[in-house]
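Notes to accompany the following structure.
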Amino acid sequence: SGAAYVPLDPDYPADRIQFVLEDSVASVLMATESLLGSVPNQLQIPTISVDPFILMPVLTEPSDFQPFASSPSDLAYVIYTSGTTGRPKGVLVEHRSVANMSTDPCLGDAYGPGRRALQSGSIAFDGVLANTFRPLCTGSTVVVSTDNLVGDLRNVNTGLLVTSFLSRLNPLDFPEMSTLVTGGESLLPEQQARWAPYCLLANHYGPTETTVYSNVALIGPVDDITIGRPIRNVFNLVVDDDLQIVPVGVPGELLI
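Written as structure tokens, this is what we have:
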């Protein structure tokens, strides 16, 4: 359609939802019929129920629909983070950045035809995009999570979990999972020891502004835990207070 989307978690407080709708200057609000009645809409933004699209039969004939031709610099989506002041801050992400993240080959065989990747987490969390666009761009099957996360993980080859969940689950319960994508928090040595003997850990790092993540470390049982290397078309510099590049091994500030 050429429009950018702004994901809203229906579990967010009403005042946060209202702020995002107003701050993003949303032109239309799309949701299921059951949610439209509960979402605060003091701005009287036009609404569209997605129920008819969910119930629409799968096309069996070629369609004559002509999609809008987006350019790399067009806006793809806006994700709202907590912000440094606690006030939600909208992060604008372009198509070029989504395409770069979705097609980066850093995870090798984790995605591809015949592979199943779990899409888990809040729709308003940008980490969900890693296991949505990337599988679709590589021929994988996206498995949308349900309320039964453990059961969902048993049916995929590539999982996606916030790092803290690694301490709560037993890797032996998921024999089909060969790659586990994790991030959002620091990976701990005990989590590495628990999971790395059974599947490849893909430790993701990066702020929302870098389009989900900027760096990936593939971690085995005896590897050091790091944030890894930058993905394709991303560069890292470590600088001092004067923005001068520091020597190897000297602490500094990371520029992405």
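One gets the working numbering by counting positions in the sequence shown from 1 and adding 20 to each. C-beta atoms are modelled at their ideal positions from N, C-alpha and C, and glycine is treated no differently.
ask   = Quick one, which of Q62, S58 and M50 has its alpha-carbon nearest I68's?
value = Per the Cα distances, M50.
ask   = By Cβ distance, which residues of its chain are closer than 6 Å to T231, with the 5 residues on each side in sequence left out?
value = Excluding positions up to five away in sequence, the list reads V113, S117 and M121.
ask   = For the beta strand (DSSP E) that contains T278, what are its first and last residues?
value = Residue 278 lies beyond the residue range present for the chain, which begins at 21 and ends at 276; the question has no answer from this structure.
task = Note the first and the last residue of the continuous beta strand (DSSP E) segment covering E114.
result = Here the beta strand (DSSP E) through E114 covers K109 to E114.
ask   = So, V162 versus T178, is the Cβ gap smaller than 8 Å?
value = Cβ atoms of V162 and T178: not closer than 8 Å.
query = Does the Cβ of G171 have 16 or more other Cβ atoms within 10 Å, making it buried, or fewer, making it exposed?
reply = Classification of G171: exposed, given that the 10 Å Cβ count is below 16.
ask   = When burial is assigned at 16 or more other CB atoms within 10 Å of the CB, is P250 buried or exposed?
value = P250 should be labelled buried.
task = Please classify S187: does DSSP put it in a helix, a strand, or coil?
result = Three-state DSSP puts S187 in a helix.
query = For V98, which three-state DSSP category applies?
reply = Note: V98 maps to strand in three-state DSSP.
inquiry  = Taking the beta carbon of M76 as the centre, do at least 16 other beta carbons fall within 10 Å, making it buried, or is it exposed?
reply    = Under the 10 Å beta carbon count, M76 is surrounded by fewer than 16 other beta carbons and is classified as exposed.
request  = Counting only the same chain and skipping the five closest in sequence on each side, list residues whose C-beta sits under 6 Å from that of S93.
outcome  = In its chain, beyond the 5 residues on either side, E114 have a beta carbon closer than 6 Å to the beta carbon of S93.
Residues bridged to L138 [DSSP beta-bridge criterion] = Partner(s): V163.
message = Taking the alpha-carbon of P27 as reference, which of E196, P241 and L149 has the nearest alpha-carbon?
response = Shortest Cα-Cα distance from P27 to any of E196, P241 and L149 involves L149.
ask   = Straight-line CA distance for F73 to I99?
value = Straight through space, the alpha carbons of I99 and F73 are spaced by roughly 24 Å.
Residues bridged to I265 (per DSSP) = DSSP, once it has assigned bridges, lists V259 as partnering I265.
key: Cα-Cα separation between S91 and T158, rounded to whole angstroms   = The C-alpha of T158 is placed about 21 Å away from the C-alpha of S91.
ask   = Based on the DSSP secondary-structure assignment, which residues constitute the bridge partners of E273?
value = DSSP output for E273 lists V259 as bridge partner(s).
task = Enumerate in chain order the residues of its own chain whose CB-to-CB distance from S47 is below 8 Å, with the five nearest sequence positions on each side excluded.
result = Contacts found: A23, I65 and P66.
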